[in-house]
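As given, the protein sequences belong to chains A and B, one line each in that order. Residue 299 is where the first sequence starts when you use our numbering, and the numbers rise one by one after that. Residue 299 is where the second sequence starts when you use our numbering, and the numbers rise one by one after that. Think of the CB as a built atom: it goes at the ideal place given N, C-alpha and C, for glycine as much as any other residue. The block underneath contains the structure these notes are about, expressed in structure tokens.
2 protein chains.
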Amino acid sequence: MYAHAASTAVAKIDLGGLAICHGLEQRARSHVAAIATIQQAHEGATVFCEGDRADNVYEVASGMLRLYKALPDGRRQITGFLSAGGLLGLSHNDLYLYTAEAITEVNLRRYPRARFERLVDEVPGLARRLLTATSDELRAAQDQMLLLGRKTAMEKIASFLLMMDDLHRDGGDADIVRLPMRRNDVADYLGLTIETVSRTLAKLKRDRTIALPTHDSIDLCDRDRLEELAAGDGGMDS
Amino acid sequence: MYAHAASTAVAKIDLGGLAICHGLEQRARSHVAAIATIQQAHEGATVFCEGDRADNVYEVASGMLRLYKALPDGRRQITGFLSAGGLLGLSHNDLYLYTAEAITEVNLRRYPRARFERLVDEVPGLARRLLTATSDELRAAQDQMLLLGRKTAMEKIASFLLMMDDLHRDGGDADIVRLPMRRNDVADYLGLTIETVSRTLAKLKRDRTIALPTHDSIDLCDRDRLEELAAGDGGMDS
DNA sequence: CGAGTAATTGAACCCGCTCAACTATCGTGG
DNA sequence: CCACGATAGTTGAGCGGGTTCAATTACTCG
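Below, the structure written as structure tokens:
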């Protein structure tokens, strides 16, 4: 689901390749495909807001989204970044529980919620697939709780870089990971400020653990070192 | 150690009342009940450890558990407290993703994982029920991410007290909420130290927002004030 | 090239942590 | 019943990692 080979090489979006149905039989797939419509969101656009009536479920076809919750005074916590195959809007509540915005140009498959829910009950295996997907998200959320509650800024950044590397290990350059999101998003994902993100990356750069060829790509020169740092085995040497 | 008052007036645990089957037809319920065995855990006991082979799925019949993840150096993040009806061990992975320990005396229903998984595919509606339960956990996890990443100590404590109140609003005394867990657990749940938890509770007590009749129960005198604080609308008056 | 936004860097501050001492509570056994 | 030790919780003093505020530099796109 998160792993997704050569994603950006897809000149035309595969409208039939519904990731939620992966592994289901053809008849089931067509049932689900039947209620899907396509929607685009340009960079920066809001797909839906926390608190809106949850009328649709979405699946990411291409591009990347940020999901976040906010406090009344504007403080944000990004709960996750979603790329091709990711599902959103799946609350069994009446309202969306978070806001979804496009980080890049995004293509979405939209499923009207009422009809989608009916399919979950009718299409054999679909509930099971969604359960797997949701369990995966929950696992990621629990990892993130450990990160937010107990890791230092350095450990957070190291964990984040390795995470992004896992996410789209897309056969490109070996150790180069692309960060489509801004520093602002990184900060709000890790529970830090943009200044701390910037300073921490600068320190990793000085230590030659990473290199920053451009602003939105990072070369993980010393992955072993990053893994030590991410686990809290950072050692005492500054 | 903890007397565990009126709530557990259940002399005999209801072995048939499987919460995961709530709403399923009788035949489905009996299928699930058929593979359940009972297990007890005394206070402080470990049910399973992060990284152990995930051989069983459990359901809490009574009592309370803490689930947590830990870093190599011992830092802990409690990802949740589970009471009657809660499920644990549901990873679709081979290994448990967190450690589960009993906070009070606990009664569990244990389901061998292989057989449980088979039932998920065979019993109609079961996957759907588990999806609902998991979605609920995910929602809670996302709220907790906002708390851990962006709330102040005071906001964390206020949110926590209201959460505990919601959790077992069991018709007992109007505003008295019982905290079965130790300060240590509260701290590791909120990403704070025990000292900060203690100091913050003391401040709320000085402000007459709460009262502490005993160590493990809290009187929410001014719930409105707590809700302001929890949302970050704390106001400027010390 | 120039305006606007994003990112970096520096300096001072502060919230929550660390370290330490003290107090309260509980369980045990004389 | 109290004495005792062990554990949990509270309180205080000082520190420090990360924030805040501010200035500078680097991009991006007309």
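Assigned secondary structure, residue i (DSSP; H/G/I helix, E/B strand, else coil)
i        : result
LEU488/A : helix
LEU393/A : strand
LEU518/B : coil
VAL355/B : strand
THR494/A : helix
LEU502/B : helix
LEU365/B : strand
ALA303/B : Residue confidence is low: ALA303/B scores 39 on pLDDT, short of 50, so the model does not pin down where it sits. No coordinate-derived value is stated.
ALA472/A : coil
LEU406/A : strand
ARG523/B : helix
ARG480/A : coil
ALA412/B : helix
PRO388/A : The displayed chain sequence assigns Leu, not Pro, to residue 388/A. It is coil, neither helix nor strand.
ASP535/A : Its pLDDT being 46, under 50, ASP535/A is placed unreliably by the model, and nothing is read from it.
VAL308/A : In this prediction, VAL308/A has a pLDDT of 40, which is less than 50 and means its spatial position is unreliable; what the coordinates show is noted afterwards. Coil.
Pair within 8 Å by beta-carbon distance, residue i and residue j
i        : j        : result
GLU453/A : GLY378/A : no
VAL475/B : VAL484/B : no
LEU386/B : LEU365/B : yes
VAL345/B : LEU417/B : no
LEU488/A : LEU499/A : no
ALA317/B : GLU357/B : yes
ASP517/B : ILE376/B : no
LEU446/B : MET462/B : no
GLY372/A : VAL404/A : no
ILE508/A : LEU459/A : yes
ALA528/B : ALA456/B : yes
GLU435/A : LEU436/B : yes
ALA451/B : LEU490/B : yes
ASP473/B : ARG521/B : yes
The alpha helix (DSSP H) enclosing residue i, as first and last residue numbers
i        : result
LEU446/B : 424-448
ILE455/B : 451-465
LEU316/B : That residue, LEU316/B, is in no alpha helix (DSSP H); it is neither H nor E in DSSP.
VAL345/A : Where VAL345/A is concerned, there is no enclosing alpha helix (DSSP H), although the beta strand (DSSP E) it sits in stretches over 344-346.
ARG327/A : 324-332
Integer Cβ distance of residue i from residue j, believed to fall under 8 Å
i        : j        : result
GLN440/A : TYR409/B : That pair is no contact at about 21 Å.
HIS340/A : ALA400/A : 7 Å
ALA343/B : ALA425/A : Between ALA425/A and ALA343/B the Cβ distance is about 34 Å, and since that is not below 8 Å, they are no contact.
HIS390/A : SER433/B : 6 Å
ALA352/A : LEU322/A : With a Cβ gap of about 24 Å, ALA352/A and LEU322/A do not count as contacting.
LYS367/B : LEU444/A : 5 Å
PRO422/B : ALA326/B : 7 Å
ILE492/A : ARG506/A : With 8 Å as the limit, ILE492/A and ARG506/A do not qualify as a contact, their Cβ atoms being about 23 Å apart.
ALA359/B : LEU428/B : At roughly 18 Å, the Cβ-Cβ gap does not stay under 8 Å, so ALA359/B and LEU428/B are not in contact.
GLU526/A : GLY532/A : 6 Å
Span of the beta strand (DSSP E) around residue i
i        : result
ALA339/A : 335-339
ILE376/B : 374-380
THR512/A : 509-512
The ligand PLP heavy atom lying under 7 Å from the CB of residue i
i        : result
ASP419/A : Questions concerning the ligand PLP fall outside what the structure shown contains, since it holds no ligand whatsoever.
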